[in-house]
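**Student:**
2 protein chains.
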Amino acid sequence: MYSERLKSELSKSRAEVGDLLRITKPRVIYEGVLMPKTILSSSSALTLKLASGYNVSIEYEEAMRIEVLSKGKPVEFVPAESLPEKDPTKPSVVILGSGGTIGSRVEYLLGSVYPAFSPQDLVLAVPELKQLANIEGRKIFDLFSNDVTVEHWKILCQEVQKEVRNGVDGVILTHGTDTMCYTAAALSFMLRNLPAPVVMVGSQRSSDRGSSDNYVNLMCSVLTACNSDIAEVTVCMHGTEGDEFCYVHQATKCRKMHASRRDAFRSINTLPFAKVWYRERSIEYLRDDYHKRGQGEFYLDTKMNPNVLMLYEHPNLRPEIINRLANEIDGLVMVATGLGHVHTNHFNDPLGVSIQEALENLIKSGIPVVFAPQTLYGRLNLNVYASGRKLRAIGVIGDGADWLPETAYIKLMWVLGHTKEMDEITKMMMTNLAGEISDRTINETYLA
Amino acid sequence: MYSERLKSELSKSRAEVGDLLRITKPRVIYEGVLMPKTILSSSSALTLKLASGYNVSIEYEEAMRIEVLSKGKPVEFVPAESLPEKDPTKPSVVILGSGGTIGSRVEYLLGSVYPAFSPQDLVLAVPELKQLANIEGRKIFDLFSNDVTVEHWKILCQEVQKEVRNGVDGVILTHGTDTMCYTAAALSFMLRNLPAPVVMVGSQRSSDRGSSDNYVNLMCSVLTACNSDIAEVTVCMHGTEGDEFCYVHQATKCRKMHASRRDAFRSINTLPFAKVWYRERSIEYLRDDYHKRGQGEFYLDTKMNPNVLMLYEHPNLRPEIINRLANEIDGLVMVATGLGHVHTNHFNDPLGVSIQEALENLIKSGIPVVFAPQTLYGRLNLNVYASGRKLRAIGVIGDGADWLPETAYIKLMWVLGHTKEMDEITKMMMTNLAGEISDRTINETYLA
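Here the protein sequences come in this chain order: H and G.
Counting in my numbering, the first sequence tops out at residue 1499, every number present.
Counting in my numbering, the second sequence tops out at residue 1499, every number present.
1) List, in chain order, every chain H residue whose beta-carbon is nearer than 7 angstroms to that of Phe1349 of chain G.
2) Report the residue from G:Leu1057, G:Leu1498, G:Arg1056 whose alpha carbon sits nearest the alpha carbon of Leu1322 of chain G.
3) On a CA-only basis, which of G:Pro1087, G:Val1252, G:Ile1117 is nearest Pro1178 of chain G? Give me that one, please.
4) Measure the CB-CB distance between Val1249 of chain G and Glu1283 of chain G and report whether it falls below 9 angstroms.
5) Closer than 7 angstroms, Cβ to any Cβ of chain H: which residues of the segment 1298 to 1309 of chain G, in chain order?
6) Within the same chain, show all residues whose beta-carbon is closer than 7 angstroms to that of Val1466 of chain G, passing over the 5 residues directly before and after it, in chain order.
7) Determine the DSSP secondary structure at Arg1243 of chain H, reduced to helix, strand or coil.
8) If we cut at 9 angstroms on Cβ distances, does Gly1389 of chain H have a partner in chain G?
9) Does His1365 of chain G get closer than 9 angstroms to chain H when you measure Cβ to Cβ?
10) Relative to chain G, which residues along the segment 1420 to 1443 of chain H have a C-beta separation below 9 angstroms, given in chain order?
11) Give, in chain order, every residue of the segment 1223 to 1256 of chain G whose Cβ lies closer than 7 angstroms to some Cβ of chain H.
12) Taking the Cβ atom as the reference point for each residue, do Thr1444 of chain H and Glu1487 of chain H lie within a distance shorter than 9 angstroms?
13) Please report the residue range of the beta strand (DSSP E) in which Gln1301 of chain G lies.
14) Can you grab the Cα-Cα spacing for the pair Ser1405 of chain G / Leu1433 of chain H, in whole Å?
15) Rounding to the nearest angstrom, what Cα-Cα distance links Val1219 of chain G and Asn1244 of chain G in this structure?
16) Only counting the same chain, and skipping five residues up and downstream in sequence, which positions put a Cβ closer than 8 angstroms to that of Ser1095 of chain G?
17) Flag this pair as touching only if the segment 1373 to 1383 of chain H and the segment 1417 to 1431 of chain H have three or more C-beta atom pairs under 8 angstroms; answer yes or no.
18) Note down, in chain order, every chain H residue with its Cβ under 7 angstroms from the Cβ of Ala1315 of chain G.
19) Decide yes or no for the touch test of the segment 1334 to 1347 of chain H against the segment 1269 to 1280 of chain H: beta carbon pairs closer than 8 angstroms, at least 3 of them.
20) Using a Cβ-Cβ cut-off of 6 angstroms (strictly less than) and excluding sequence neighbours within five positions of Met1270 of chain G, which residues of its own chain qualify?
21) Going straight from the alpha carbon of Glu1500 of chain H to that of Val1144 of chain H, what length do you get?
22) Evaluate contact between the segment 1355 to 1372 of chain H and the segment 1352 to 1368 of chain G, counting only Cβ atoms and requiring at least three cross-stretch pairs below 8 angstroms.
23) So Thr1395 of chain H contacts chain G; which residues on that side make the cut at Cβ distance below 7 angstroms?
24) Can you round the beta-carbon distance between Met1231 of chain G and Lys1307 of chain G to whole angstroms, since I take them to be within the 8 angstroms contact cut?
25) Cα separation between Glu1202 of chain H and Thr1225 of chain H?
26) Specify the secondary structure class of Lys1100 of chain H as computed by DSSP and reduced to three states.
27) Per DSSP, what kind of secondary structure is Pro1366 of chain H in: helix, strand or coil?
28) Give me the chain G residues within the contact set of Pro1357 of chain H, using Cβ-Cβ distance strictly less than 7 angstroms, ordered along the chain.
29) Quick check on the DSSP output: the beta strand (DSSP E) that includes Trp1204 of chain G runs from which residue to which?
30) Grab me the residues of Ala1237 of chain H's own chain with a C-beta within less than 6 angstroms of its C-beta, minus the 5 sequence neighbours each way, in chain order.
31) What is the DSSP secondary structure of Ala1423 of chain H, counted as helix, strand or coil?
32) Just the chain G side, please: which residues come within less than 8 angstroms of Ala1409 of chain H by C-beta, in chain order?
33) How about Leu1191 of chain H: is its C-beta nearer than 9 angstroms to some C-beta of chain G?
34) Expressed to the nearest angstrom, what Euclidean distance is found between the alpha-carbon atoms of Tyr1233 of chain H and Thr1075 of chain G?
35) State the CB to CB distance for the pair Thr1426 of chain G and Phe1195 of chain H, rounded to an integer number of angstroms; the pair is presumed to be in contact (CB under 8 angstroms).
As structure tokens, then:
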């Protein structure tokens, strides 16, 4: 419910949900369509949908003036618990909520963003979604993405399984953007032969901020989920700072490359699967090598061993630190420099052990060591330098791979959920299971 | 010395150093100027400088035919120990060698690259360098860049100090590319108020390969060292895959972003200082906010505490691992997600401790925790999300910084070399000392 003051202002100006309003504040004027009040939005603010498609939340203040510019059709603004009847001519999409900024609101008291909105609220906030598909939504959990763990990935997979077995045409997972690519990669290994798209989507700005990207991202993810043939886990996020299109990224090859920009997500070492033009509502495919609907038999394989550490090679990294951790971990992803290098000297360790030797000892004790490139772009090659050849000889895994550090880490957890045999680990790691190793490098994808 | 067979082939065709030769092999023809044999190059190969400026090393084989297309002037091809007289009209530049591919040769027996060439050899291999400046070179050490540590940084600083106190116009440091930016950043904090440019240069392909970038990189670094006013530590490397220009990057803001491309080095969150057009031999400045010759009084400040660890935040990172390391380290750089986030939950730890709490305990015990962005691009902001505000409250350092993880790590080592007081550490870290924190983000630098 709105606060008494705001309610009285709205009633004085006869403003109703769906009306085009002009709101004049001392230093700013807003024009947009009045959105319904959701349970969780601030009681002292109203929400306008601007012409850009974005929602803006406007705090009540005394000097504020509300005018109705034109009366709207107060269409389908229904409470969450009574979503409209299904239209049998439209595809069906389920939005599963796991938290993140896309389902969050600003907490006015503290000025920070908290996870809050439900998937139903998202559908209410973007009524256009319903023109595309019959959409249902439910919240699986409500977490900051940094708090999502292996156990949550398993729950998400089970929920996806439930939905696709029920015949849904596509699944959308809302998720915080910070670790979205980790979750996307994990689900790629766990959900084998998906029968329908599973599109992960988030937003870099919360939905009641003027610059929120959730509108375009949601529209494009629904288009991908119901209209595309990409039966894989993908990440659908803004392609540019503007609102032209979203990219649909392969889950195992994408990365958040900027702390705040709306186009933070980039495919690394490969092209995105597609561009989705949101105004045109069309999908432009950039690749054709994705898993398609109906290929293979769908099954879940969620076995994972989470006891893997990702460690950054850096000058003065002490071998002793690796030795200390040897009893703590079942696998190590070493984020190495260049083509795949670590210290070979003894300068940093009183016992005269190099990082290379520390890794050799780990491998000898049965703990696999997987390399990934600190440069992010490019491909490991342990064949160019003498130090690389030595690493290959001691059994370091990853020669020739162009995987991301994050993906190598997720894959090692998944592989270690299946075997403890070093030969089998090596074989599984070096086999392309979910697009994580590209056959060839596409030159134009560097920093693009 | 050449092998008997190669020597006899060369003498049969009357080929001498400086001659333009055509060498015909079964599947390839080379045309170029015969370069002098260096002590360390293979005895069964000769080196031609191609029209592109690159050197190519051609292995002797029986089916090979050597023709002299035109006799050259066998100018100034002198042994390393007798470099030409100084030209008093030209600036003076010293090349200090620390190893890396730029001073390396291919070991034909193993097919791998070993550090080998001396700085003198570099000058001999690129005689054009001497048209630009009086160049002297000496080897400080010969290391793979991963083996360069704090102690080597101190030695390099002392050698630079020696040279600039002797009045040299510029210093060039050859270095392996893998950790070049770590060394460059370290030297930036250690060499205060430099009176002359210190240009770090390397190459992504070894000098006896056809595609080597050392020719253009060296030429551009000499131009920067003797003709520019940028009295800072910079990194001078290929700007594009072609040979148009090199970028001169600010040491604290650049990063190797590709495992193998010649244009692997990129400025992050800021523009490079300059482009150096190598054919035109001209410097195009992109910024003017660099430290200039003659500003301030030069001094060395090489105190560093190398006992710092860089740790990547990732799902399922166990707080226990941080607790284990608490007695091992004097500082931690946490490469956090997004705007600066880590786990806040208790799911991953049997003792119910979150990463956030583990960091809080570290800080309480006097170990500073510095955040840096996993996204590389963008700026930390611990003010947007509730979890960020909590981190700021417990004393995490880095709110508002747009530094690279590698630079934050180097800076924390340097700061810990100067103080153990948390307040002072925080103050020094958050003060811009060597360009590591940009005042404003330049939008066009994202993935450029």
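The C-beta atom is built at its ideal place from N, Cα and C for all residues, glycine as well.
**Tutor:** In terms of the structure at hand:
1) In the second sequence, residue 1349 of chain G corresponds to position 298, counting from 1. Near Phe1349 of chain G there are no residues of chain H at all, since even the closest Cβ is about 25 angstroms away, more than 7 angstroms.
2) In the second sequence, counting from the first residue as 1, residue 1322 of chain G sits at position 271. Ranking the options by Cα distance to Leu1322 of chain G, first place goes to G:Leu1498.
3) Here residue 1178 of chain G is taken as the residue at index 127 of the second sequence, counted from 1. The shortest Cα separation from Pro1178 of chain G among G:Pro1087, G:Val1252, G:Ile1117 belongs to G:Pro1087.
4) Sequence index remark: in the second sequence, residue 1249 of chain G carries index 198 (1-based). Sequence index remark: in the second sequence, residue 1283 of chain G carries index 232 (1-based). Their beta carbons are under 9 angstroms apart, which means Val1249 of chain G touches Glu1283 of chain G by this criterion.
5) Lys1307, Met1308, His1309
6) Locating residue 1466 of chain G in the second sequence gives position 415, where the first residue counts as 1. These residues qualify, in order along the chain: Ile1476, Met1479, Met1480.
7) For the purposes of this step, residue 1243 of chain H is identified with residue 192 of the first sequence, where counting begins at 1. Looking at Arg1243 of chain H - three-state DSSP - the assignment turns out to be strand.
8) The residue given as residue 1389 of chain H occupies position 338 in the first sequence. True, the Cβ-Cβ gap to chain G drops below 9 angstroms.
9) Here residue 1365 of chain G corresponds to residue number 314 of the second sequence, with the count starting at 1. Yes, its Cβ sits closer than 9 angstroms to a Cβ of chain H.
10) Pro1424, Gln1425, Thr1426, Leu1427, Tyr1428, Gly1429, Arg1430, Leu1431, Asn1432, Asn1434, Val1435, Tyr1436, Ala1437, Ser1438, Gly1439, Arg1440
11) Thr1228, Asp1229, Thr1230, Tyr1233
12) Translated into the one-based positions of the first sequence, residue 1444 of chain H becomes position 393. Translated into the one-based positions of the first sequence, residue 1487 of chain H becomes position 436. First, the amino acid is wrong: residue 1444 of chain H is Ala here, not Thr. Not a contact, by the Cβ cut-off of 9 angstroms.
13) By 1-based counting over the second sequence, the position of residue 1301 of chain G is 250. Unbroken beta strand (DSSP E) run through Gln1301 of chain G: 1296 to 1301.
14) What you label residue 1405 of chain G is simply residue 354 of the second sequence in a count that begins at 1. What you label residue 1433 of chain H is simply residue 382 of the first sequence in a count that begins at 1. Between Ser1405 of chain G and Leu1433 of chain H, the C-alpha separation is close to 37 angstroms.
15) Reading the second sequence from its first residue, position 168 is the one you call residue 1219 of chain G. Reading the second sequence from its first residue, position 193 is the one you call residue 1244 of chain G. Answer to the nearest angstrom: the Cα atoms are 15 angstroms apart.
16) In the second sequence, counting from the first residue as 1, residue 1095 of chain G sits at position 44. Only Tyr1053, Ser1054, Arg1056, Leu1057, Glu1110, Tyr1111, Tyr1159 meet the Cβ criterion.
17) yes
18) Stepping through the second sequence from its first residue, residue 1315 of chain G is reached at position 264. Per Cβ cutoff of 7 angstroms: Thr1426.
19) yes
20) Counting from one through the second sequence, the residue named residue 1270 of chain G turns up at place 219. Correct list, in chain order: Tyr1329.
21) With chain H represented from 1052 up to 1499, any question about residue 1500 of chain H goes unanswered, as that position is not in the structure.
22) yes
23) Here the question's residue 1395 of chain H lines up with position 344 in the first sequence. Neighbours of Thr1395 of chain H on chain G, chain order: Phe1195, Asn1197, Asp1198.
24) Taking the second sequence and counting its residues from 1, one reaches residue 1231 of chain G at position 180. Taking the second sequence and counting its residues from 1, one reaches residue 1307 of chain G at position 256. That belief holds up - the Cβ atoms of Met1231 of chain G and Lys1307 of chain G are roughly 7 angstroms apart, short of 8 angstroms.
25) The sequence position of residue 1202 of chain H within the first sequence is 151, counting from 1. The sequence position of residue 1225 of chain H within the first sequence is 174, counting from 1. The straight-line gap from Cα to Cα measures roughly 17 angstroms.
26) Your numbering for residue 1100 of chain H matches position 49 in the first sequence. Strand, per DSSP.
27) Stepping through the first sequence from its first residue, residue 1366 of chain H is reached at position 315. Coil, per DSSP.
28) As a position in the first sequence, residue 1357 of chain H is number 306, starting the count at 1. Neighbours of Pro1357 of chain H on chain G, chain order: Asn1367.
29) In the second sequence, the residue the question calls residue 1204 of chain G occupies position 153. Looking at the DSSP string, Trp1204 of chain G is not in any beta strand (DSSP E); the run it does join, the alpha helix (DSSP H), is 1201 to 1216.
30) Reading the first sequence from its first residue, position 186 is the one you call residue 1237 of chain H. Around Ala1237 of chain H: Trp1204, Ile1461.
31) The residue given as residue 1423 of chain H occupies position 372 in the first sequence. Here Ala1423 of chain H sits in strand by DSSP.
32) Here residue 1409 of chain H refers to the residue found at position 358 of the first sequence. Per Cβ cutoff of 8 angstroms: no residues; Ala1409 of chain H is ~13 angstroms from chain G at best.
33) As a first step, residue 1191 of chain H must be located in the first sequence, where it is residue number 140. Looking at the sequence provided, one finds Ile at residue 1191 of chain H rather than Leu. Not an interface residue.
34) Here residue 1233 of chain H corresponds to residue number 182 of the first sequence, with the count starting at 1. Here residue 1075 of chain G corresponds to residue number 24 of the second sequence, with the count starting at 1. Approximately 53 angstroms, taken between the alpha carbons.
35) Numbered from its first residue, the second sequence carries residue 1426 of chain G at position 375. Numbered from its first residue, the first sequence carries residue 1195 of chain H at position 144. About 16 angstroms separates the two Cβ atoms, so there is no contact after all.
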